[in-house]
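Enquirer:
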Amino acid sequence: MYQQYHDEEWGVPCRDAEQLFEMLLLEGFQAGLSWITVLRKRAHYRQLYRGFDASFMAGQSDEQLQALLQDSGIIRNRLKVYGARRNAQAWLALSEQHEPVAWLWQFVGGQPQINNFASLSEIPAQTAAAANMSKALKKAGFTFVGPTICYAFMQATGMVMDHTRDCHRFAVLGGSA
């Protein structure tokens, strides 16, 4: 599962609003946990959130969120469960004012930033672009969007390409030695 995610999704530029929303939430759910934990729960999240339908999620009642906290198929952290509703509401508000794909991609100038790292130890946990995205998302009402989460989101959605030079995905995604 992890290998498939690495080989087929991570670092691939995504310009689909629904997929970007899903990944932003999943990266927030991952805070303090391993990514494999989130990947294992992803299908269940998709089912519960109707494919990460922001309108559905934004309208969930406190009672529905309390019921979610009993579901062992998700990460049962109260702040994350309630934060998902808040983020859905913020996403809808953002979407009324901006085209969300372009708005998110503005933090990397609209094009994937291709990095050229030799080893994992060279990859930063956050960047100035991620800090700027974090600040803007927080201002827009989002939660679980700190600079480290935003950088992971940027990596996951191909806004930045951080496959190392020795990775078989490096050249495929635009890297050059």
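Residue numbers (the working numbering): 1199 to 1375.
Heads up, the beta-carbon is just placed ideally off N, CA and C, and yes, glycines get one too.
(1) What is the rounded straight-line gap between the Cα of W1289 and the Cα of M1221?
(2) Under a Cβ-count criterion, where at least 16 other Cβ atoms within 10 Å of its own Cβ denotes burial, should K1239 be classed as buried or exposed?
(3) I'd like to confirm the pairing. Which residues does DSSP put opposite I1312 in its beta bridges?
(4) Check whether the stretch 1216-1233 touches the stretch 1360-1371, taking contact to mean three or more Cβ pairs, one atom from each stretch, closer than 8 Å.
(5) Could you tell me the distance, in whole angstroms, from the CA atom of T1346 to the CA atom of L1231?
(6) Relative to the C-alpha of A1334, which residue among Q1311, L1302, I1312 and G1356 is closest?
(7) Roughly how many angstroms separate the alpha carbons of S1254 and Q1262, rounded to a whole number?
(8) Which residues mark the beginning and the end of the alpha helix (DSSP H) in which D1260 is found?
(9) Is the number of C-beta pairs between the stretch 1316-1328 and the stretch 1202-1216 that are closer than 8 Å three or more?
Expert: Checking against the coordinates, here is how it stands:
(1) Residue 1289 sits at position 91 when you count from the first residue of the sequence shown. Residue 1221 sits at position 23 when you count from the first residue of the sequence shown. Distance between the alpha carbons of W1289 and M1221 is about 13 Å.
(2) Counting from 1 along the sequence shown, the entry for residue 1239 is found at position 41. K1239 comes out buried.
(3) Sequence index remark: in the sequence shown, residue 1312 carries index 114 (1-based). According to DSSP, I1312 bridges with M1359.
(4) no
(5) Along the sequence shown, read from residue 1 onward, the residue named residue 1346 stands at position 148. Along the sequence shown, read from residue 1 onward, the residue named residue 1231 stands at position 33. Roughly 13 Å between the two C-alpha positions.
(6) Position 136 of the sequence shown, counted from the first residue, corresponds to residue 1334. It is L1302.
(7) To locate residue 1254, count along the sequence shown from 1; it is residue 56. To locate residue 1262, count along the sequence shown from 1; it is residue 64. Note that residue 1254 corresponds to Phe in the displayed sequence, not to Ser. Going from the Cα of F1254 to the Cα of Q1262 covers about 11 Å.
(8) Position 62 of the sequence shown holds residue 1260. Start and end: D1260 to L1266.
(9) no
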